[in-house]
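There are 2 protein chains.
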Amino acid sequence: MIAEIIAAGSEMLTPYRQDTNSLFLTGVLNDLGVQVAFKTIVGDSIEHLTGAARIALSRADIVIFSGGLGPTEDDLTREAASAALNLPLHRSDALLESLAKRFAARNIPMPPNNSKQADVLQGATVLDNKYGSAAGQYLDTTIFHSDQPSVRRIVILLPGPPKELKPLFTEQVVPILATSLPPRFLAKRMLRMALIPESTVDNRTAPIYKQYPDVETTILAHTGEIQLHFLSAKPSLAEAQARVDELTGKIEAEMEDAIYSSHGESLEDIVLLNLGIRHLTLSAAESCTGGLLSERLTAIAGSSRYFLGGAVVYSDALKTTFAGVPPETIATYGPVSAETARALAEGIRTRTGSSLGISITGIAGPTPGTGADAHKPIGLVYIALASATSTEVKEINITGDRERVRFWASQHALELIRRSIL
Amino acid sequence: MIAEIIAAGSEMLTPYRQDTNSLFLTGVLNDLGVQVAFKTIVGDSIEHLTGAARIALSRADIVIFSGGLGPTEDDLTREAASAALNLPLHRSDALLESLAKRFAARNIPMPPNNSKQADVLQGATVLDNKYGSAAGQYLDTTIFHSDQPSVRRIVILLPGPPKELKPLFTEQVVPILATSLPPRFLAKRMLRMALIPESTVDNRTAPIYKQYPDVETTILAHTGEIQLHFLSAKPSLAEAQARVDELTGKIEAEMEDAIYSSHGESLEDIVLLNLGIRHLTLSAAESCTGGLLSERLTAIAGSSRYFLGGAVVYSDALKTTFAGVPPETIATYGPVSAETARALAEGIRTRTGSSLGISITGIAGPTPGTGADAHKPIGLVYIALASATSTEVKEINITGDRERVRFWASQHALELIRRSIL
Chain A
1 MIAEIIAAGS
11 EMLTPYRQDT
21 NSLFLTGVLN
31 DLGVQVAFKT
41 IVGDSIEHLT
51 GAARIALSRA
61 DIVIFSGGLG
71 PTEDDLTREA
81 ASAALNLPLH
91 RSDALLESLA
101 KRFAARNIPM
111 PPNNSKQADV
121 LQGATVLDNK
131 YGSAAGQYLD
141 TTIFHSDQPS
151 VRRIVILLPG
161 PPKELKPLFT
171 EQVVPILATS
181 LPPRFLAKRM
191 LRMALIPEST
201 VDNRTAPIYK
211 QYPDVETTIL
221 AHTGEIQLHF
231 LSAKPSLAEA
241 QARVDELTGK
251 IEAEMEDAIY
261 SSHGESLEDI
271 VLLNLGIRHL
281 TLSAAESCTG
291 GLLSERLTAI
301 AGSSRYFLGG
311 AVVYSDALKT
321 TFAGVPPETI
331 ATYGPVSAET
341 ARALAEGIRT
351 RTGSSLGISI
361 TGIAGPTPGT
371 GADAHKPIGL
381 VYIALASATS
391 TEVKEINITG
401 DRERVRFWAS
411 QHALELIRRS
421 IL
Chain B
423 MIAEIIAAGS
433 EMLTPYRQDT
443 NSLFLTGVLN
453 DLGVQVAFKT
463 IVGDSIEHLT
473 GAARIALSRA
483 DIVIFSGGLG
493 PTEDDLTREA
503 ASAALNLPLH
513 RSDALLESLA
523 KRFAARNIPM
533 PPNNSKQADV
543 LQGATVLDNK
553 YGSAAGQYLD
563 TTIFHSDQPS
573 VRRIVILLPG
583 PPKELKPLFT
593 EQVVPILATS
603 LPPRFLAKRM
613 LRMALIPEST
623 VDNRTAPIYK
633 QYPDVETTIL
643 AHTGEIQLHF
653 LSAKPSLAEA
663 QARVDELTGK
673 IEAEMEDAIY
683 SSHGESLEDI
693 VLLNLGIRHL
703 TLSAAESCTG
713 GLLSERLTAI
723 AGSSRYFLGG
733 AVVYSDALKT
743 TFAGVPPETI
753 ATYGPVSAET
763 ARALAEGIRT
773 RTGSSLGISI
783 TGIAGPTPGT
793 GADAHKPIGL
803 VYIALASATS
813 TEVKEINITG
823 DRERVRFWAS
833 QHALELIRRS
843 IL
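Chains as they are written, first to last, in the numbering used here: chain A, 1 to 422; chain B, 423 to 844.
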């Protein structure tokens, strides 16, 4: 069975807003064994929406509409589905009553417009919406053609707001769809690697995952990171899990410690987890990243147990004030130098009393460095990690704009911490 | 004239990847006076893609394809457009030669597959791609029907990668399209407001902007911010600009200093700009935001002139080490208190020697505070701004999850700085 998703709403045909519901719906449908073959985005015009509905019914087994179920004259999904299916709408007394209750509970008179939200396609099941006034609808029907064989179609109407659509789909549509489709057991895994080119990952892993045609492998590149997604569907969960685990194990053996996460955790999660396991604390002195590394670590709930904080030493003076870097070091080697990075990491560690101190200093651009740094290239970054016994300093060259240099620098810092405490 | 955008590529029918080219294309088309009426996303199947192309040609004047122009067997846009238009493809010697040169320059033999990238729709203009091997195509044609009037169609084939599509469209398609469409002069403005509900903005501004039906007004809500976009198209630029400026002026008079930006600048930009105008420097002591405020400010190039840096005082001890907060203040009132916020702001200002010191301390959740903070609610945040003469402290309650509390706290801090130096 293939599906088409129709997102209704003129705002998604502007440069400002995008349909995002379809990503969620696609994920859930794939888990049920349904592929999404088409997505259509159409505005609030009855002619365009009805046309799109007719086309979808001609080429997909399951047609899912999102949006256009509100009370305004722009909300036309019910009417368009009715016209395309050639099925009348009936006003549901039960729905009218529940709409009236909704307004009564808020002490607002129900505007007459809202009654149209009680219109239901003939034969459709109403899907209650706990989070809004727009009920969903589910219809399993047969379309008869004079000149072609009749076809079965499942038509689903969902409210547009993601906070309404997601629970409604998961709680009410999935159980019905699951009984209409052959049973399927899914196993999934995700491996994550930082700072490694996609082509390297693909060259080394393709010979392995190609031996597992029954496991769907997807390589995704994000900034500073590669993800490998594995999915297997089998008649039993044990069988599916065994295949995914076997493949994942072989890929882990090939990529070794390039893999920072074997169950989808983020790099920040893994760094904090490893600090916790080893009873270590961390502090940071950030120059070119200006707080980004600290921000990424503290975004994780519970990080305060292992990350004490640190300093954003954006000016040269603060490198001395907060991390005790000797002014001569900065004057001689420049703020962007291995020597300054080392002094920053050692200094922040001493000042905060943490087990480990990390520092980042670099030229994020677009303006070049000054003084001793004047001739250093944009993208040059030094990262240092100090412990009680030693300090490791790394020199990195990062290409791209200011945002990219800063993010990759924070990624390199996290990866340096992770590898050093492995 | 209305347009349809067809994004070709099976990866956009997974839960992981979304078509983003259409947002860019829609913005540029709108500026030319063309509305996008449909967007279709379709996988790498010749049958599905040809069907989608036929449908688009039946309902839109301009049909733009993105993607599917590569050399692999999954790249089928040229073939599908040819089938749907019923027009043959001709292999272009000039394109073949430029492909061969491309590979020769890299000392790689050209794989035989790549020759199909030289296939051009009969009558189409080739659009050179400076950033990749896939050339674009532009066709202005008439489709004859036996039973209906013939129609004019503009068909545009563009490479999928945004870094190739965007310059190609701007540099080569826009000049041709502009000569095919009635001349139009556009004026645009954007007003931005922080920390104000969308409904408040709409209630106060709708009576004004509704008097300007010839200016298109769009209200967009982002986290912690509302944007008002104005667009007017007139036969002369002066006329368009006058209408937009008149409306913007009235809205500015109504919303007064809630508007932080009247030409689209970000809140960070405006804060740094105002610091610069007044020759002020800033430092920050961040607890619950963990570096987010510093990160946002330092993301702006040139921020180092006005933002010196500061401290991420995540642990109680660092509040004393880096900002000199008396341990008794923390023990008595708790780290999340007006007293601690005041001491942090004053302390970071003194330690760094900046003109202004900002501090943020709060309970971001999901775990509640401890010690003296144990009974304080998640989302409680104190922000303080210290100058040489006085310190202002604000208590705020923010609803939502950890990410939202942290972002809104940084937004409140920026807005406090902006208003205090206005």
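Glycine residues also receive a C-beta, built at the ideal position from the N, C-alpha and C atoms.
Beta-bridge partners of Asp562(B), as assigned by DSSP:
Taking the first residue of the second sequence as position 1, residue 562(B) is located at position 140. According to DSSP, which records beta bridges pairwise, Asp562(B) is partnered with Ile576(B).
Measure from the alpha carbon of Thr462(B) to the alpha carbon of each residue in Leu29(A), Met12(A) and Val28(A), then state which is nearest.
Your numbering for residue 462(B) matches position 40 in the second sequence. Just measuring C-alpha positions, the residue of Leu29(A), Met12(A) and Val28(A) sitting nearest Thr462(B) is Met12(A).
Between the C-alpha atoms of Ala506(B) and Ser832(B), what's the straight-line distance to the nearest angstrom?
Taking the first residue of the second sequence as 1, we reach residue 506(B) at position 84. Taking the first residue of the second sequence as 1, we reach residue 832(B) at position 410. Distance between the alpha carbons of Ala506(B) and Ser832(B): 53 angstroms.
Chain A beta carbons: is any one of them nearer than 8 angstroms to that of Gly529(B)?
Here residue 529(B) refers to the residue found at position 107 of the second sequence. Reading off the sequence shown, one finds Asn at residue 529(B), where the question assumed Gly. No, Asn529(B) lies away from the interface with chain A (no Cβ there is under 8 angstroms from its Cβ).
State yes or no: is the C-beta of Ile154(A) within less than 8 angstroms of the C-beta of Ser180(A)?
Start at 1 with the first residue of the first sequence, and residue 154(A) comes out as number 154. Start at 1 with the first residue of the first sequence, and residue 180(A) comes out as number 180. A Cβ-Cβ contact shorter than 8 angstroms links Ile154(A) with Ser180(A).
Starting from Ile55(A), find everything on chain B with Cβ-Cβ shorter than 8 angstroms and list it in chain order.
What you label residue 55(A) is simply residue 55 of the first sequence in a count that begins at 1. Correct list: Ile477.
Given Glu814(B), which residues of its chain have a CB within under 6 angstroms of its CB, disregarding the five upstream and five downstream residues?
Taking the second sequence and counting its residues from 1, one reaches residue 814(B) at position 392. Excluding sequence neighbours, Glu814(B) sits near Leu807.
Cα separation between Leu267(A) and Phe169(A)?
Locating residue 267(A) in the first sequence gives position 267, counting from the first residue. Locating residue 169(A) in the first sequence gives position 169, counting from the first residue. Leu267(A) and Phe169(A): Cα-Cα distance of roughly 31 angstroms.
8 angstroms Cβ cutoff, Pro635(B) in contact with chain A:
Within the second sequence, the letter at position 213 stands for residue 635(B). Chain A contact via Cβ: absent.
Nearest residue (CA-CA) to His222(A), options Asp214(A), Ile208(A), Arg192(A) and Gln241(A)
Residue numbering aside, residue 222(A) sits at position 222 when the first sequence is read from its first letter. Checking every option, the nearest Cα to that of His222(A) belongs to Arg192(A).
Would you be able to state if there are at least three C-beta pairs under 8 angstroms between the region 501 to 519 of chain B and the region 534 to 541 of chain B?
Segments in contact, yes.
Taking 8 angstroms as the cut-off, decide whether the C-beta atoms of Leu139(A) and Leu121(A) are in contact.
Stepping through the first sequence from its first residue, residue 139(A) is reached at position 139. Stepping through the first sequence from its first residue, residue 121(A) is reached at position 121. A contact, by the Cβ cut-off of 8 angstroms.
When burial is assigned at 16 or more other CB atoms within 10 Å of the CB, is Asp497(B) buried or exposed?
Position 75 of the second sequence, counted from the start, is the residue given in the question as residue 497(B). Classification for Asp497(B): buried.
Reference Leu151(A); option with closest CA among Arg59(A), Ala134(A) and Gly369(A)
For the purposes of this step, residue 151(A) is taken as residue 151 along the first sequence, with counting starting at 1. Leu is not the amino acid found at residue 151(A); the sequence shown has Val there. Cα-wise, what sits closest to Val151(A) is Arg59(A).
Exposed or buried, which one is Ser466(A) when buried takes at least 16 other CB atoms within 10 Å?
Given a span of 1 to 422 for chain A in the structure shown, any question on residue 466(A) remains unanswerable.
Taking any Cβ of chain A, which residues in the region 423 to 441 of chain B have a Cβ under 7 angstroms from it, in chain order?
The residues in question are Leu435, Thr436, Pro437, Tyr438 and Gln440.
Lys39(A) versus chain B: which residues are under 9 angstroms apart at the beta carbon?
Taking the first sequence and counting its residues from 1, the one referred to as residue 39(A) is at position 39. Chain-ordered, the chain B residues with CB closer than 9 angstroms to the CB of Lys39(A) read Ala429, Met434, Leu435, Asp441, Lys461, Thr462, Ile463 and Val464.
Could you tell me whether the Cβ of Glu717(B) comes closer than 8 angstroms to any Cβ of chain A?
Taking the first residue of the second sequence as 1, we reach residue 717(B) at position 295. Any Cβ of chain A closer than 8 angstroms to the Cβ of Glu717(B) would place that residue at the interface, and such an atom is present.
Could you check what DSSP says for Tyr382(A) in three-state terms: helix, strand or coil?
For the purposes of this step, residue 382(A) is taken as residue 382 along the first sequence, with counting starting at 1. Tyr382(A): strand per DSSP, three-state reduction.
Rounded to the nearest angstrom, what separates Asn819(B) and Ala796(B) at their Cα positions?
Counted from its first residue, the second sequence places residue 819(B) at position 397. Counted from its first residue, the second sequence places residue 796(B) at position 374. Between the alpha carbons of Asn819(B) and Ala796(B) lies a gap of roughly 16 angstroms.
Ala478(B) versus His48(A), Pro159(A), Val313(A) and Ile62(A), residue with shortest Cα-Cα distance:
Residue 478(B) sits at position 56 when you count from the first residue of the second sequence. Selected option, being the one with the closest Cα: His48(A).
Is any beta-carbon of chain A found at less than 8 angstroms from that of Ser737(B)?
The residue given as residue 737(B) occupies position 315 in the second sequence. Closer than 8 angstroms: yes.
How is Ile424(B) classed by DSSP in three states: helix, strand or coil?
For this step, residue 424(B) is matched to residue 2 along the second sequence. Strand.
Drop a sphere of 10 angstroms on the beta-carbon of Pro159(A), count the other beta-carbons inside from all chains shown, and report buried for 16 or more, exposed for fewer.
Start at 1 with the first residue of the first sequence, and residue 159(A) comes out as number 159. Buried, by the Cβ-count rule.
Using only the alpha-carbon positions, how far apart do Ala664(B) and Thr77(A) sit?
The residue labelled residue 664(B) in the question sits at position 242 within the second sequence. The residue labelled residue 77(A) in the question sits at position 77 within the first sequence. Each residue's Cα considered, the two are about 39 angstroms apart.
Assigned secondary structure, Glu750(B) (DSSP; H/G/I helix, E/B strand, else coil):
Residue 750(B) sits at position 328 when you count from the first residue of the second sequence. Looking at Glu750(B) - three-state DSSP - the assignment turns out to be helix.
Separation of Ile805(B) from Ala763(B), as counted between CA atoms:
The sequence position of residue 763(B) within the second sequence is 341, counting from 1. The sequence position of residue 805(B) within the second sequence is 383, counting from 1. Ala763(B) and Ile805(B): Cα-Cα distance of roughly 6 angstroms.
Does the structure place the region 690 to 699 of chain B close enough to the region 748 to 762 of chain B that three or more beta carbon pairs sit under 8 angstroms?
Contact fails: fewer than three Cβ-Cβ distances are below 8 angstroms.
Find the nearest neighbour of Gly554(B) within the set Asp636(B), Ser809(B), Lys585(B) and Gly822(B), judged by alpha-carbon distance.
Position 132 of the second sequence holds residue 554(B). For the set Asp636(B), Ser809(B), Lys585(B) and Gly822(B), the Cα lying nearest the Cα of Gly554(B) is the one of Lys585(B).
Proximal chain B residues relative to Phe307(A), where beta-carbon distance stays under 7 angstroms
The sequence position of residue 307(A) within the first sequence is 307, counting from 1. Near Phe307(A) (Cβ distances below 7 angstroms), the residues of chain B are Tyr736.
Which residues of chain B have a Cβ atom closer than 9 angstroms to the Cβ of Glu403(A), listed in chain order?
Taking the first residue of the first sequence as 1, we reach residue 403(A) at position 403. Using a Cβ-Cβ cut-off of 9 angstroms, Glu403(A) is close to Ala721 of chain B, given in chain order.
How many Å lie between Ser304(A) and Tyr736(B) at the Cα?
Position 304 of the first sequence, counted from the first residue, corresponds to residue 304(A). Position 314 of the second sequence, counted from the first residue, corresponds to residue 736(B). Rounded to the nearest angstrom, the two C-alpha atoms are 7 angstroms apart.
Would you say the region 627 to 641 of chain B touches the region 649 to 656 of chain B, given that touching needs at least three Cβ pairs under 8 angstroms?
Touching, per the Cβ criterion.
Straight-line Cα distance separating Gly224(A) from Glu252(A):
Within the first sequence, numbered from 1, the residue matching residue 252(A) stands at position 252. Within the first sequence, numbered from 1, the residue matching residue 224(A) stands at position 224. Each residue's CA atom was taken as its position, placing Glu252(A) and Gly224(A) some 19 angstroms apart.
Leu608(B) versus chain A: which residues are under 7 angstroms apart at the beta carbon?
On the second sequence, position 186 is the one that residue 608(B) refers to. Ordered by position in chain A, no residue passes the 7 angstroms Cβ test against Leu608(B), which lies about 13 angstroms from the chain.
Inter-stretch contact at 8 angstroms, needing at least 3 Cβ pairs: the region 171 to 187 of chain A / the region 100 to 110 of chain A:
Verdict: no, contact absent.
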